[in-house]
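Residue numbers 39 to 292, in this note's numbering, belong to the letters of the sequence shown in order.
All C-beta atoms in this analysis are idealised placements derived from N, C-alpha and C, irrespective of residue type, glycine included.
Quick caveat, the model's predicted, so the values are computed rather than measured.
What follows is a single structure, written as structure tokens, with notes after it.
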Amino acid sequence: MATDRSPAIRIYRRVSTRFGPLRDLLTRNDFHPISPPDAIAEWECCDDRGTRVRFFGATLLVEALDDAVADDFDARHRMALPSDRFLPDGGEPPDRVKIIAGSDESGKGERDRALCVAAVALPISAEAEAITRGVRDSKLCDAKEIIELAQWIAAHFTHTVRAIASLARAEALRAHGANESRLLAAMHADCLSEVHDHAPFLLARVDRFAPNRPVAAKLVGKHARCIVDECIRGERHVACAAASILARAATLRS
Numbered sequence: 039m040a041t042d043r044s045p046a047i048r049i050y051r052r053v054s055t056r057f058g059p060l061r062d063l064l065t066r067n068d069f070h071p072i073s074p075p076d077a078i079a080e081w082e083c084c085d086d087r088g089t090r091v092r093f094f095g096a097t098l099l100v101e102a103l104d105d106a107v108a109d110d111f112d113a114r115h116r117m118a119l120p121s122d123r124f125l126p127d128g129g130e131p132p133d134r135v136k137i138i139a140g141s142d143e144s145g146k147g148e149r150d151r152a153l154c155v156a157a158v159a160l161p162i163s164a165e166a167e168a169i170t171r172g173v174r175d176s177k178l179c180d181a182k183e184i185i186e187l188a189q190w191i192a193a194h195f196t197h198t199v200r201a202i203a204s205l206a207r208a209e210a211l212r213a214h215g216a217n218e219s220r221l222l223a224a225m226h227a228d229c230l231s232e233v234h235d236h237a238p239f240l241l242a243r244v245d246r247f248a249p250n251r252p253v254a255a256k257l258v259g260k261h262a263r264c265i266v267d268e269c270i271r272g273e274r275h276v277a278c279a280a281a282s283i284l285a286r287a288a289t290l291r292s
């Protein structure tokens with residue numbers, strides 16, 4: 039599985055949920071609805087240039103090929119967004135995502151090792167170097183690569199790792215109702231929250247391990263402006279891949 043550099047990402051936030059005019063405009067301008075939409079979205083669409091638009095909870099998440107395409111989207115479509123202030127429709131410009139946090143776990147099926155979760159805040163501007171150095175899904179790395187890459191990641195990016203020793207796993211599981219997804223969600227949210235305290239981010243990527251997006255439910259309660267994208271094959275994103283390497287390195291040391 040290849041590791042992909044992040045697109046240009048813009049976040050439009052409004053109190054109003056009156057986004058119907060924008061959806062109609064996108065449909066008239068060659069955007070195609072995605073059905074069913076991604077788990078995060080109430081509705082989703084994309085165009086032939088690969089611009090992906092997801093709407094949820096009065097928030098619009100736009101991912102475009104590059105900054106030029108994202109700026110073109112803004113110029114063409116922002117006036118169709120509602121305004122929540124004494125401004126004409128269109129409102130304020132979007133937030134530009136510059137840092138993406140990723141989290142991942144290791145040791146889930148290895149009962150004789152520690153269960154580890156790591157989170158990393160990785161600037162989009164550093165993704166190319168990370169890929170060049172070989173940052174990718176830890177399942178594609180040997181032990182030597184994992185240790186070397188983990189040392190580089192830890193030295194350059196804000197991160198945290200949480201580990202539950204093998205002998206403590208049963209007790210930790212009982213504390214979360216014998217539900218492994220609840221335990222993992224709590225660990226992911228705690229790691230991301232700690233990273234956010236030192237390197238605030240607007241978007242986090244997490245490999246989806248439960249359909250009800252439990253990490254988002256926990257993290258948004260602590261950091262309301264964060265968007266948690268619990269996505270399939272999360273390790274294709276650089277920040278998730280970096281987190282998977284840190285988590286795997288911690289498991290190997292246990």
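Would you tell me roughly how many angstroms separate the C-alpha atoms of residue i and residue j, rounded to the nearest one?
i    : j    : result
G215 : A77  : 25 Å
F69  : D85  : 4 Å
T89  : L222 : 32 Å
N67  : R92  : 16 Å
R274 : T65  : 29 Å
R114 : A168 : 34 Å
E232 : R263 : 15 Å
V173 : V135 : 21 Å
S282 : V107 : 31 Å
I103 : A46  : Correcting the residue identity first, residue 103 is Leu in this sequence and not Ile. Spanning the two alpha carbons is a distance of roughly 6 Å.
F57  : A206 : 48 Å
W190 : L99  : 31 Å
P75  : A96  : 16 Å
P71  : G147 : 38 Å
Strictly under 8 Å for the Cβ-Cβ distance: is residue i near chain C by that measure?
i    : result
H115 : The structure shown contains no chain C, having only a single protein chain.
Among the options, which residue has its Cα nearest to the Cα of residue i?
i    : options                   : result
A280 : P252, F247 and A242       : A242
I265 : Y50, L284 and S54         : Y50
C229 : C278, R92, D133 and A157  : A157
A248 : A40, R174 and G272        : G272
D105 : S163, T65 and E80         : S163
G140 : S121, R171, M117 and V199 : V199
L290 : A201, A79 and V276        : A201
D175 : P132, A108, P75 and A277  : A277
S144 : E101, Q189, C154 and L60  : C154
D133 : E101, A152, A118 and A159 : E101
M117 : R220, R61, C83 and A255   : R61
P131 : I137, D109 and K146       : D109
R171 : L187, A79, V253 and G147  : L187
P161 : L240, L178, A152 and K146 : L240
R43  : E165, G58 and H226        : E165
N250 : H234, K260, A203 and C269 : C269
D235 : A96, L257, A152 and P252  : L257
S292 : P59, S204, R87 and K177   : S204
Does residue i come out as helix, strand or coil in the three-state DSSP assignment?
i    : result
H70  : strand
I137 : strand
A285 : helix
E143 : strand
L290 : helix
R243 : strand
C278 : helix
V253 : helix
E130 : coil
V266 : strand
Measure how close the beta-carbons of residue i and residue j come, nearest whole angstrom, since I'm counting them as under 8 Å.
i    : j    : result
D122 : A285 : The pair is not a contact, with the Cβ atoms about 40 Å apart (cut-off 8 Å).
I185 : A288 : Not really, about 11 Å apart at Cβ, beyond 8 Å.
R212 : L119 : In fact, because the Cβ distance is near 47 Å, the residues do not count as touching under 8 Å.
Whole runs of the alpha helix (DSSP H) within the region 58-128, excluding any shorter than 4 residues
58-66 and 105-115
Go through the region 149-235 residue by residue and report every complete run of the alpha helix (DSSP H) that reaches 4 residues or more, in order.
If we require 4 residues or more, the alpha helix (DSSP H) runs fully inside the region 149-235 come out as 165-171, 181-194 and 207-213.
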